[in-house]
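Enquirer: After the structure tokens below, expect a handful of questions from me.
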Amino acid sequence: MRVQVTAVTAGAADAVQRDLLVEAEGVEREYNQAVLIDLKDTNTFQKTVSIDFPPDVVSDSPRVEFSVIGDIMGPSINGLDKLIKMPYGCGEQNMLNFAPTIFVTEYLTQTNQLTSDLESKSVGFMEKGYQRELTYQRKDGSFSAFGQRDPSGSMWLTAFVAKSFQQARNFIYVDEETILRAVDWIIVRQNKDGSFPEPGRIIHKEMLGGGASSTTTLTAFVLIAISEVKLRSTEIAQDLPLLKLMLSDTSKVKPPLLVILTV
């Protein structure tokens with residue numbers, strides 16, 4: 094939809110036109126139905142696909158897209174650009190879009206698939222996500238969902254932010270001191286047995302991948318994050334024997350995937 098604003102005075106006049114993208118009301122939902130075409134034993138393939146729209150669908154908004162890809166991993170790889178989104182929300186929500194943008198941009202760069210338009214978009218989103226996340230850094234250097242309004246910083250979120258900020262330095266300017274303060278906050282709270290406690294709270298527990306209540310998985314994640322940051326590695330290195338002993342007890346870690354990630 095084109096919108097025009099006109100200003101008129103006795104001696105002059107001017108007008109500005111802008112095109113606005115108008116989206117249908119309601120919440121967009123996407124449904125995917127994948128079909129594997131196996132031609133090993135035949136030269137033809139036939140399948141009938143039924144498409145059912147919800148009864149309360151917004152009028153004139155349904156659409157159907159069809160694509161064929163000659164690689165079983167093709168759909169996931171070709172759809173990576175859809176993970177590049179504008180960061181928004183609290184300190185946790187912001188990271189849900191900020192971090193994937195970093196990961197996808199890094200992958201596309203390494204595989205020579207990053208176009209100039211996509212690079213400009215991803216870098217812009219990273220810069221906005223970085224600046225927004227800084228507003229949730231507490232005075233002690235830690236991060237939490239609502240910054241100073243929370244009673245304490247979150248161990249998991251602080252490690253996640255430090256790790257992500259370090260990775261983002263490949264594409265945007267990130268103040269090293271911000272990362273150092275976060276890592277220092279983590280280190281001084283390390284327990285005598287080498288583990289890391291969670292003094293704060295995590296609202297979006299889906300970010301944890303199922304390891305919300307496990308000190309073992311939290312410690313493994315924090316250790317990995319700090320090792321990737323490489324700014325305070327000497328302080329952690331002296332505690333590695335204790336950490337290895339604690340992380341070796343995976344009998345209480347569920348589900349099995351978390352055991353693998355911890356080990």
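With this note's numbering applied, the sequence shown covers 94 to 356.
All C-beta atoms in this analysis are idealised placements derived from N, C-alpha and C, irrespective of residue type, glycine included.
1) Indicate the three-state DSSP secondary structure (helix, strand or coil) for T251 in the structure shown.
2) Go to D112, then tell me how far its beta strand (DSSP E) extends in each direction, as first and last residue.
3) Let's see if you can read the secondary structure: which residues bound the beta strand (DSSP E) around T99?
4) Taking Cβ to Cβ, would you say M248 is nearer than 8 Å to P290?
5) Among all the DSSP beta bridges, which residues are the ones paired with F314?
6) Which class does F87 belong to by DSSP, given the choice of helix, strand or coil?
7) Should I272 and Q259 be called a contact, given that it needs their Cβ atoms to be closer than 8 Å?
8) Using the C-alpha atoms, what's the distance from K298 back to A305?
9) Assuming N187 contacts G222 under a Cβ cut-off of 8 Å, what Cβ separation, rounded to an integer in Å, is found between them?
10) Pop quiz: G246 and G293 are said to be a contact at Cβ under 8 Å. What is the actual Cβ separation, rounded to whole angstroms?
11) Name the two residues that bound the continuous alpha helix (DSSP H) containing I296.
12) Could you work out which residue in L176, T141 and Y124 is closest to E158 when comparing CA atoms only?
13) Hey, quick one: how far does the alpha helix (DSSP H) through N190 stretch, first residue to last?
14) Please work out which residues of its chain come closer than 7 Å, Cβ to Cβ, to E220, disregarding the five sequence neighbours upstream and downstream, and give them in chain order.
15) Quick check on A330: does DSSP put it in helix, strand or coil?
16) Give every residue of the same chain whose Cβ lies closer than 8 Å to the Cβ of A103, excluding the five residues on either side of it in the sequence, and list them in chain order.
17) By the DSSP assignment, the alpha helix (DSSP H) with L227 in it spans what residues?
18) Give the secondary structure of Q126 by DSSP, where H, G and I count as helix, E and B as strand, and everything else as coil.
19) For I296, which residues from the same chain have a beta carbon less than 8 Å from its beta carbon, with the 5 sequence-adjacent residues on both sides left out?
20) Does the pairing of the segment 224–235 with the segment 197–208 give three or more beta-carbon distances under 8 Å?
21) Kindly indicate which three-state DSSP category Q206 falls into: helix, strand or coil?
22) With 16 other CB atoms within 10 Å as the buried threshold, where does T135 fall?
Expert: Walking through what the data contain:
1) In the sequence shown, the residue the question calls residue 251 occupies position 158. DSSP places T251 in helix when its eight states are reduced to three.
2) Residue mapping note: residue 112 aligns to position 19 of the sequence shown, counting from 1. A106 to D112 is the extent of the beta strand (DSSP E) around D112.
3) For the purposes of this step, residue 99 is taken as the residue at position 6 of the sequence shown. Looking at the DSSP string, the run of the beta strand (DSSP E) that includes T99 is R95 to V101.
4) For this step, residue 248 is matched to residue 155 along the sequence shown. For this step, residue 290 is matched to residue 197 along the sequence shown. It is a contact, given that the beta carbons lie within the stated cut-off.
5) In the sequence shown, counting from the first residue as 1, residue 314 sits at position 221. In the DSSP output, where bridge partners are listed per residue, F314 has none listed.
6) Residue 87 cannot be examined here, being either before or after the span of the chain that is shown, 94 to 356.
7) The residue given as residue 272 occupies position 179 in the sequence shown. The residue given as residue 259 occupies position 166 in the sequence shown. Yes.
8) Your numbering for residue 305 matches position 212 in the sequence shown. Your numbering for residue 298 matches position 205 in the sequence shown. Low per-residue confidence applies at A305: pLDDT is 49, beneath 50, and the placement is therefore not dependable, though the value from the model is reported in the following sentence. In a straight line, the C-alpha of A305 is about 7 Å away from that of K298.
9) Within the sequence shown, residue 187 is the residue found at index 94, counting from 1. Within the sequence shown, residue 222 is the residue found at index 129, counting from 1. N187 to G222, Cβ: 6 Å. Contact.
10) In the sequence shown, residue 246 corresponds to position 153, counting from 1. In the sequence shown, residue 293 corresponds to position 200, counting from 1. Rounded, the Cβ-Cβ distance is 5 Å, consistent with contact.
11) Within the sequence shown, residue 296 is the residue found at index 203, counting from 1. Counting along the chain, I296 falls outside any alpha helix (DSSP H), and DSSP gives it neither H nor E.
12) Position 65 of the sequence shown, counting from 1, holds the residue named residue 158. Minimum Cα distance to E158 is reached at Y124.
13) Within the sequence shown, numbered from 1, the residue matching residue 190 stands at position 97. That run of the alpha helix (DSSP H) goes G184 to Q203.
14) As a working note, residue 220 is residue 127 in the sequence shown. Within the same chain, E220 has close Cβ partners I265.
15) The sequence position of residue 330 within the sequence shown is 237, counting from 1. Because A330 carries a pLDDT of 49, less than 50, the predicted location of this residue cannot be relied on, and no value is offered for it.
16) One-based indexing of the sequence shown puts residue 103 at position 10. No residues qualify anywhere along the chain.
17) In the sequence shown, residue 227 corresponds to position 134, counting from 1. S209 to L227 is the span of the alpha helix (DSSP H), which, as asked, contains L227.
18) As a first step, residue 126 must be located in the sequence shown, where it is residue number 33. Correct three-state label for Q126: coil.
19) Within the sequence shown, numbered from 1, the residue matching residue 296 stands at position 203. Once the five neighbours on either side are set aside, the close Cβ partners of I296 are C183, E185 and A238.
20) no
21) In the sequence shown, residue 206 corresponds to position 113, counting from 1. The answer is coil: DSSP assigns Q206 none of H, G, I, E or B.
22) If you number the sequence shown from 1, residue 135 lands on position 42. Exposed, because fewer than 16 other Cβ atoms sit within 10 Å of the Cβ of T135.
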